[in-house]
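These notes are about the structure you will find just below.
Chains as they are written, first to last, in the working numbering: chain A, 20 to 305; chain B, 20 to 305.
Right, dumping it as C-alpha cells:
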C-alpha cells in the first residue's frame, strides 16, 4: 500500500458521496476530517463516527494538516473553493475530487493550483436517488467503477495513489481515461440515460399509469427522480459531448420508429438481436 | 372464492409465463394440465410437478376436460389455435390468455369463438429476461399488476373469475381496462420502454463501455436483452398506439435537447422537478 494510514484526509463537501468516502476510509484508521457548509451535516458525521473532526466553515488548521484533500462539491463550487482557499493547503498536499465531468474542471483546477500541490481527478461512478450525509454508505461503491482521469501534468505517484484510493473505497474496478474520453463516455452512459429517463417520465401526462406499470418502466425511470440543481450543472459542464450522444440516440430511435411504421420485421429483429448481444456484456460483476 | 379448486385448468403454451401459472395454480390443488409444442418442456413440467398431465400435441381429452383454458402463446399462434381446435372445448369452458396486446386479439377471438364458451382476456404484467419453462417461477407475479380487459361480450361472472385468477396467481394488484385503454397504456409503459432500451443499447458502437458503466445505464438497458421474435410481433400488433407513444417521447426528448443546447437551465430544472415529482408515485408497493 502506498497510502500511509497515518495520513490525514480532509473531505470538502459532506453529502452522500463525501459521507460515503468518510465511512469507507475511517475503517482503515485514517484521520478523516470534513468541511461542509451545513453544521447539521458535520454534527451528523461526528455523531455517527464518520469523521474525527469537522467544521461548517473553512478552518485553516483542518486544511493545513491534510495530506490528501477530497473535493465532493458541485463543479463551480469546487473551482471557486480552490481559488479562494488554496493558500491554506499543506505543501505537497494531494488533491482529488468526485466530480462527474472532467474536461471543464480538471485543466482549470490544475492551471490555477499552487505548484507545490497536485490535483489528480477521479470520478467514483456510484450514487443513489437520495441525498445528504444521512444516506451515506460505502456499500454504494461495491461492484461499481472508479475512474482516474490524469493529464500530462500528473505524476505517476499521484496517479497510483488515486488508483489505490479507489480500491480502498471498495470499488470493483479502477480504470484510467483522459478527461476527454471520460466526458464522452459519461455523456453516453450517465448523462444521456438521465435525459432519457426524464423525458420518458414527463412525456405522457396520463393519470394513474402507476397502477398498471411493470418493472420495465420502473427501471427506465428510476433515475428520473433527479437532483435538478446538480444535473443541470453537470449537463451544462459537458454540453457538447452530451448533445452528440443525444443525437446518436435520437437517430437510432428514429430508425427503429421507421421500421415499425413500415412493418420491417426483419430489420427490427436484427436490431433486437444486436441489442441482446451487446447487452450481455454489461451484466454486473459482483 | 368463485373458482372451485376441483376444476381442471389447461395451460396452452408451457414457457416462462405458462410454467409460472402452473406452479402458482398447482399449490391450490387444481388439476393442471398443459399442451405445448416442445416435448422437452412437457417433460420438464411433469418432472418438476408443475402439471399433472401434458402433451406435445393437441390431445382431445386434455382440451375436452378443461373448465378453464389459459393461452400463453404468441398472438397469431393463439388465434390460429382457436380457429383450428375450438371444437374440442368442453361446453361452457372459460378461456383466458396472457397476451401483451389486446385490441388486435380480443375481438377477433371473441368473434370466432363458439357461443357456448367465453373468452375473457387478461395481461399478467410480469416477465424475466430469460425464457422457457425451466425459468418459470410464480415469484415474478409478486408485486406486479394483472390487468383484465373485458369487452361488452363478457359476462360479470367471467370477469370476476378472471380477477380472482389474478389474485390466486399472487399478483399485487388486479385492475380492469378496456382493450383500447390497455393498448395505449402498454404502448407507453412497456413497448416504448423496450424501444428506448434497444435504441440506447445500439446507438453507440464504442468498445469497452461496459468497463465504465454505472447502474443507470444497466437499469435503462436491462430490457435491451429482448426476444426479437416475440417483441417484433407485439410491436406490429400494437403499431398505432406504439408509434403515438414514441412520438410523444421524441417530442419531449427534443425539448430537453433544445434546452441544453440553448443553456436554458431554468427550463431544465423545471422539467427535472416535474420528473422527480411524477416518479415518486411509481415506487413499488411490495
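All C-beta atoms, glycine included, are put in the ideal place defined by N, C-alpha and C. Just so we're clear, the structure is a prediction, and the values are computed from it rather than from any experiment.
Item                                                                                                                                                                : Value
Give the DSSP-derived three-state secondary structure of residue 305(A) in the structure shown.                                                                     : Low confidence applies here, because residue 305(A) scores a pLDDT of 44, under 50, leaving its location unreliable; read the following figure in that light. Residue 305(A): coil per DSSP, three-state reduction.
Do residue 276(B) and residue 275(A) have their C-beta atoms within less than 8 Å of each other?                                                                    : no
When you compare only the Cα positions, how much space is there between residue 42(B) and residue 210(A)?                                                           : 42 Å
By Cβ distance, which residues of its chain are closer than 6 Å to residue 305(A), with the 5 residues on each side in sequence left out?                           : For residue 305(A), the predicted structure reports a pLDDT of 44, less than 50, and the residue's modelled location is therefore unreliable. The matter cannot be settled from this model.
Measure from the C-beta of residue 305(B) to each C-beta in chain A and report whether the shortest distance is under 8 Å.                                          : Per-residue confidence for residue 305(B) stands at a pLDDT of 44, beneath the threshold of 50, marking its modelled position as unreliable; the derived number appears in the next sentence. It does not; no Cβ of chain A falls within 8 Å.
Output yes or no for whether 8 Å exceeds the beta carbon distance between residue 86(A) and residue 113(A).                                                         : yes
Taking buried to mean at least 16 other C-beta atoms within 10 Å of its own C-beta, is residue 244(A) buried or exposed?                                            : buried
Assuming residue 301(A) contacts residue 221(B) (C-beta within less than 8 Å), just tell me the rounded distance between them.                                      : Not a contact, Cβ separation roughly 13 Å.
Any chance the segment 91-108 of chain A sits against the segment 33-48 of chain A, with 3 or more Cβ pairs inside 8 Å?                                             : yes
Determine the contact status of residue 104(A) and residue 137(A), defining contact as a CB-CB distance below 8 Å.                                                  : no
Do we get a CB-CB distance below 8 Å when we pair residue 221(A) with the residues of chain B?                                                                      : yes
So is the beta-carbon of residue 107(B) under 7 Å away from any non-hydrogen atom of the ligand NAP?                                                                : Because no ligand of any kind appears in the structure shown, any question about the ligand NAP cannot be addressed here.
Per the DSSP calculation, residue 72(A) is bridged to which residue(s)?                                                                                             : 52(A)
Is residue 195(B) helix, strand or coil by DSSP?                                                                                                                    : strand
Taking the straight line between their C-alpha atoms, what separation do you get for residue 47(A) and residue 297(A)?                                              : 39 Å
Between residue 233(B) and chain A, is the shortest Cβ-Cβ distance under 8 Å, so that the two count as touching?                                                    : yes
State the DSSP-derived secondary structure class of residue 82(A), mapped to helix, strand or coil.                                                                 : helix
Below 9 Å on C-beta distance, what does residue 268(A) contact in chain B?                                                                                          : 215, 218, 219, 222, 223 and 272
Using a C-beta to C-beta distance shorter than 7 Å, which residues of chain A count as neighbours of residue 199(B)?                                                : Neighbours of residue 199(B) on chain A: none; closest Cβ ~13 Å, over 7 Å.
Classify residue 115(B) as helix, strand or coil using the three-state DSSP reduction.                                                                              : strand
Which of helix, strand or coil does DSSP assign to residue 47(B)?                                                                                                   : coil
Just how far apart, CA to CA, sit residue 156(B) and residue 285(A)?                                                                                                : 32 Å
Could you check whether the Cβ of residue 260(B) sits closer than 8 Å to any Cβ belonging to chain A?                                                               : no
Residues of chain A with CB closer than 7 Å to the CB of residue 240(B), please, in chain order.                                                                    : 298 and 301
Contact criterion: CB-CB distance below 8 Å. Does residue 276(A) meet it with respect to chain B?                                                                   : yes
Taking CB distances under 8 Å as the criterion, tell me whether residue 195(A) reaches chain B.                                                                     : no
Are the C-beta atoms of residue 117(A) and some chain B residue less than 8 Å apart?                                                                                : no
Between residue 112(A) and chain B, is the shortest Cβ-Cβ distance under 8 Å, so that the two count as touching?                                                    : no
Are at least three pairs of beta-carbons, each pair with one atom in the segment 109-127 of chain A and one in the segment 191-210 of chain A, less than 8 Å apart? : yes
For chain B, find out if any of its Cβ atoms is closer than 8 Å to the Cβ of residue 229(A); answer yes or no.                                                      : yes
Return the CA-CA distance between residue 95(A) and residue 256(A), expressed in angstroms with no decimal places.                                                  : 9 Å
Which same chain residues end up closer than 7 Å to residue 260(B) when comparing Cβ atoms and leaving out the 5 residues on each side of it in sequence?           : 202, 203 and 206
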